[in-house]
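Engineer: Line order of the protein sequences matches chains P and Y.
Under this note's numbering, the letters of the first sequence match residues 30 to 182, in that order.
Under this note's numbering, the letters of the second sequence match residues 1303 to 1806, in that order.
Quick one: the structure is below, and I'll ask about it shortly.
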Amino acid sequence: MNREAWPAALLSVAGLVAVNEARRLRFGAVTVPGPGFFPLVLAVGFTLVCLVLFVAALRAPAGAAAARSGGAGEGGIRWKVLATLGVMLAYAFALEPLGFVAATCGLLCFFFRALEGMRWTVAVAASALTSVVTYVIFKVWLYVRLPPGPWGL
Amino acid sequence: MTDVAGGLLFGLGVALAPGNLLACFVGVFVGTLIGVLPGIGPVATMSLLLPVTYAMSPTASIIMMAGIYYGAMYGGSTTSILVNLPGEAASVVTCLDGYQMALQGRAGPALGIAAFGSFIAGTASVLGIMLLAPPLTKVALSFGPPEIFGLLLLGFTMVTYLTAGSKLRAVAMALAGMLLGTIGLDPITATPRFTYGSLTLSDGIGLVPMIMGLFGISEVLLNIEKGIKQDVFLTQVRGLWPTREDWRRSAAPIARGSVLGFLLGILPGIGSIIPTFISYALERRLSRHPEKFGTGMIEGVAGPESANNAATGGAMIPLLTLGIAPNVVMAVLLGAFLIHGVQPGPLMIRERPDMFWGVVASMYVGNVILLVLNLPLIGLWVQLLRVPYGILFPLILLFCVIGVYSEAGNVWDIVVMLVFAVLGYLMKKFGYEAAPLVLAFVLGRMAEESIRQSLLMSRGSFEILLTRPLATTFIGVALAVMVLPAVLPSARAVVRMVGRETVE
């Protein structure tokens, strides 16, 4: 299966799941639609379009598919991207227990040190300063809602 | 006409009130800033600053949000000309000739003509809003659910058929967007749909986490992967005032770009990117030296930069008169209106004249601020572009998190944002566009409501869509957009040209 067929296949499966879920809702009638009418019609339409994309991708010559992907394969998924996503996810769940300043300081420290290769002292100082300044701007000046954490920050 | 002049004077009074003037200044300044910075656009920034506006008056909030949008159009050109990297998607085409001008030592006139062209086009488009919006509001009062459904159908068709890549993929994304829009409570019976008992999902997927993920974080992820490095044009930027010859060559492209951008901006699904490509293609076609485009032709900067600014004004018309967002940025602005308890649409000019005329007049004021602000601050923007991306991207990610969390104080919204970030990242890698998905997500619910209300009105007969002239016209145009490219070679060529230019 070529590169272009994979996303179409995954989207088709997602469409089938949506069709199955939408079937459980009351359909009503075409003239008096129920809550399930729109979702079912959309899910069926989406699945059909994705299946067409899937078949077209399978039938396309491998070279043409790669050309259309426009260099999508270059380098593949790099570790920096995965690390960024992983750390952001951890940050989301650390935000409320640790509070904005502490959690943000940790997040920035990781980016500055692990991804950008700054010296530890510079990374920690820059992270701490940025976290506090951001907190002051958004929470104190702009009254934006930010999690306080155990230390009130 | 007297009404319009009176309205404008009243609006100027509102726009020049200290709080609103400050909001306008902050909006255009932040807009220019994010326009200059690659990797974060007006959609993500407006979403980010939406919670900040809760403490502001509704009029000041909308003035600030609108300022971010047209400010970003100004700022984007600076990065395109100096770094050969579009600061904002609507400035992609400016790279072609703008950067070449910079290499020839003419960065100053390139930046100058971009700023003056933007100012002229922005001002002309505000004039257009002023003259067109009030009469259109009267027409819009006759809009019922069938007309709204027809217009939305036209919007979906335009956004999918004028997309850069595969039309079928765009259709898939539009359907996916509408499907995602059905998550939550049914708008008529309040039956939960696709919620799986989750309270977060009962409210539906938030627009802000979706936009931040698809447009903000995914862009950062791609830039991290590419290892983006900004090579700022190091020569001193001098002589921002274009020469007489520059003005002579740019006058017509600015005029054409202004009209083209404004008219295209009104159409649903067009946005501010497509007019720039059409303007560039038009200037190249009309030029006596089309072969020189791409080598530093000032017309290639003046036309597109005027078009993208004029399009921002045009896009305000459907929002202010019909309450319908013609593009993703306007969808965020619509969200801002609704959050502040104001329903934009035909009644707004009568019920909230302060807001209607205040926002329109603020765009005049904002354009003047931008011109005054932009040229002297070029040096600051250049310094900003020298900040390494390794320092910028953590800040962009952090601001995205703040924007999403502060909206509802819900950590799960950050998770939703990250899910959409992964989706956006993969979509860009595999050539699926995010714009049809987001626009369909926003308008899908409105489309569902309008078709169901139409059927209730007609007691279940679809004939209602074919017996009301405006609804029939919109549906007819939508069908023409779908069918004509398949039947007529010339229409096919136009769609291909837009697609090709957008890809290039």
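Where is the CB? At the ideal position from N, CA and C, for every residue including glycine.
From a predicted model like this one, the values you see are computed outputs, not experimental measurements.
Please classify Y1727 (chain Y): is it buried, with 16 or more other beta-carbons within 10 angstroms of its beta-carbon, or exposed?
Structural biologist: Classification of Y1727 (chain Y): buried, given that the 10 Å Cβ count is 16 or more.
Engineer: Give me the Cα-Cα distance between T1469 (chain Y) and P1738 (chain Y), rounded to the nearest whole angstrom.
Structural biologist: The amino acid occupying residue 1469 (chain Y) in the given sequence is Lys; Thr does not appear at that position. When rounded, the distance between both Cα atoms is 10 Å.
Engineer: Measure the alpha-carbon distance for P1448 (chain Y) versus L1786 (chain Y) and round it to whole angstroms.
Structural biologist: Each residue's Cα considered, the two are about 24 Å apart.
Engineer: Buried or exposed for K1440 (chain Y), going by 16 or more other Cβ atoms inside 10 Å?
Structural biologist: By the neighbour-count rule (16 or more Cβ atoms within 10 Å), K1440 (chain Y) is not buried but exposed.
Engineer: Alpha carbon to alpha carbon, what distance is there between G1407 (chain Y) and A1773 (chain Y)?
Structural biologist: The straight-line gap from Cα to Cα measures roughly 54 Å.
Engineer: Could you tell me if the beta carbon of N1712 (chain Y) falls within a distance shorter than 7 Å of some heavy atom in the ligand HEM?
Structural biologist: What this structure holds is no ligand at all, so the ligand HEM is not there to describe.
Engineer: Using a Cβ-Cβ cut-off of 8 Å, state whether A47 (chain P) counts as contacting chain Y.
Structural biologist: Yes, its Cβ sits closer than 8 Å to a Cβ of chain Y.
Engineer: For M1475 (chain Y), which residues in the same chain have their Cβ closer than 7 Å to its Cβ, ignoring the five residues on either side in sequence?
Structural biologist: So the qualifying residues of the chain are Y1734, E1735, P1738 and L1739.
Engineer: Using a Cβ-Cβ cut-off of 6 Å (strictly less than) and excluding sequence neighbours within five positions of W1683 (chain Y), which residues of its own chain qualify?
Structural biologist: V1338 and T1380.
Engineer: Which partner residues does G1486 (chain Y) have in the DSSP bridge list?
Structural biologist: Partner(s): Y:R1495.
Engineer: Would you please state the rounded distance, in angstroms, between the beta carbons of I1365 (chain Y) and M1348 (chain Y)? I believe it to be under 8 Å.
Structural biologist: The pair is not a contact, with the Cβ atoms about 12 Å apart (cut-off 8 Å).
Engineer: My assumption, with CB atoms under 8 Å, is that V48 (chain P) sits in contact with V73 (chain P). Please give the rounded CB distance.
Structural biologist: About 6 Å; that satisfies the 8 Å criterion.
Engineer: Any Cβ of chain P within less than 8 Å of the Cβ of F1564 (chain Y)?
Structural biologist: No, F1564 (chain Y) does not count as interfacial toward chain P.
Engineer: Per the contact definition of three or more C-beta pairs closer than 8 Å, is the region 1605-1612 of chain Y in contact with the region 1420-1430 of chain Y?
Structural biologist: Contact holds: three or more Cβ-Cβ distances are below 8 Å.
Engineer: Can the beta-carbon of F1868 (chain Y) be found closer than 8 Å to that of L1516 (chain Y)?
Structural biologist: Nothing can be reported for residue 1868 (chain Y), as the shown portion of chain Y is limited to 1303 through 1806.
Engineer: DSSP three-state label for P1577 (chain Y), please.
Structural biologist: P1577 (chain Y) falls in the helix class under three-state DSSP.
Engineer: For a contact defined as C-beta to C-beta under 7 Å, what are the partners of F167 (chain P) on chain Y?
Structural biologist: Those within 7 Å of F167 (chain P) in chain Y are I1704.
Engineer: Using a Cβ-Cβ cut-off of less than 9 Å, list which residues of the region 51-69 of chain P approach chain Y; keep chain order.
Structural biologist: Cβ contacts with chain Y come from A51, L54, R55, A58, V59, T60, V61, P62, G63, P64, G65, F66, F67 and P68.
Engineer: Could you list the residues in the region 1443-1461 of chain Y with a C-beta less than 9 Å from some C-beta on chain P, going in chain order?
Structural biologist: Going along the region 1443-1461 of chain Y in chain order, one finds no residue with a Cβ nearer than 9 Å to chain P.
Engineer: So is A157 (chain P) in contact with chain Y if we call contact Cβ pairs under 8 Å?
Structural biologist: No - not a single Cβ of chain Y is within 8 Å of the one on A157 (chain P).
Engineer: Pull up the DSSP beta-bridge partners for P62 (chain P), would you.
Structural biologist: DSSP, once it has assigned bridges, lists P:G57 as partnering P62 (chain P).
Engineer: For L136 (chain P), count neighbouring C-beta atoms within 10 Å of its own C-beta (all shown protein chains included) and say buried if the count is 16 or more, exposed if not.
Structural biologist: Buried: at least 16 other Cβ atoms inside 10 Å.
Engineer: Can you tell me whether L1664 (chain Y) is buried or exposed, with buried defined as 16 or more other CB within 10 angstroms of its CB?
Structural biologist: For the record, residue 1664 (chain Y) in the displayed sequence is Ser; it is not Leu. Answer is buried; the Cβ neighbour count reaches 16.
Engineer: What three-state label does DSSP hand W108 (chain P) in the structure shown?
Structural biologist: It is helical.
Engineer: I need the straight-line Cα distance from P1655 (chain Y) to L1310 (chain Y), nearest angstrom please.
Structural biologist: Cα-Cα distance, rounded: 10 Å.
Engineer: Would you say V1713 (chain Y) lies against chain P (beta-carbon separation less than 8 Å)?
Structural biologist: Yes - at least one Cβ of chain P is within 8 Å of the one on V1713 (chain Y).
Engineer: Measure the C-alpha to C-alpha separation of P1494 (chain Y) and F56 (chain P) and round it to an integer number of angstroms.
Structural biologist: Each residue's alpha carbon lies about 13 Å from the other.
Engineer: In angstroms, rounded to a whole number, what distance separates the CA positions of A1617 (chain Y) and R142 (chain P)?
Structural biologist: A1617 (chain Y) and R142 (chain P): Cα-Cα distance of roughly 44 Å.
Engineer: Roughly how many angstroms separate the alpha carbons of I1716 (chain Y) and G1400 (chain Y), rounded to a whole number?
Structural biologist: If I take the Cα positions, the gap works out to 38 Å.
Engineer: Taking C-beta to C-beta, are K1360 (chain Y) and M1657 (chain Y) nearer than 8 Å?
Structural biologist: Checking the sequence shown, residue 1360 (chain Y) turns out to be Pro, not Lys. Yes, these two residues count as a Cβ contact at 8 Å.
Engineer: Can you tell me whether L1509 (chain Y) is buried or exposed? The criterion is at least 16 other CB atoms within 10 Å of its CB, across all chains shown.
Structural biologist: The residue is buried, with at least 16 neighbouring Cβ atoms inside 10 Å.
Engineer: Roughly how many whole angstroms lie between the Cα atoms of G1598 (chain Y) and T1334 (chain Y)?
Structural biologist: Those two C-alpha atoms are separated by around 24 Å.
Engineer: Since A1492 (chain Y) and G1563 (chain Y) should fall inside the 8 Å C-beta cutoff, what is the C-beta to C-beta distance between them, to a whole number of angstroms?
Structural biologist: Their Cβ separation, rounded to whole angstroms, is 42 Å, which puts A1492 (chain Y) and G1563 (chain Y) out of contact at 8 Å.
Engineer: Within 10 angstroms of the Cβ of Q1402 (chain Y), are there 16 or more other Cβ atoms? Answer buried if so, exposed if not.
Structural biologist: Q1402 (chain Y) should be labelled buried.
Engineer: Taking its Cβ as the centre, do 16 or more other Cβ atoms sit within 10 Å of P206 (chain P), making it buried, or is it exposed?
Structural biologist: Outside the displayed span of chain P (30 to 182) sits residue 206 (chain P), for which this structure offers no information.
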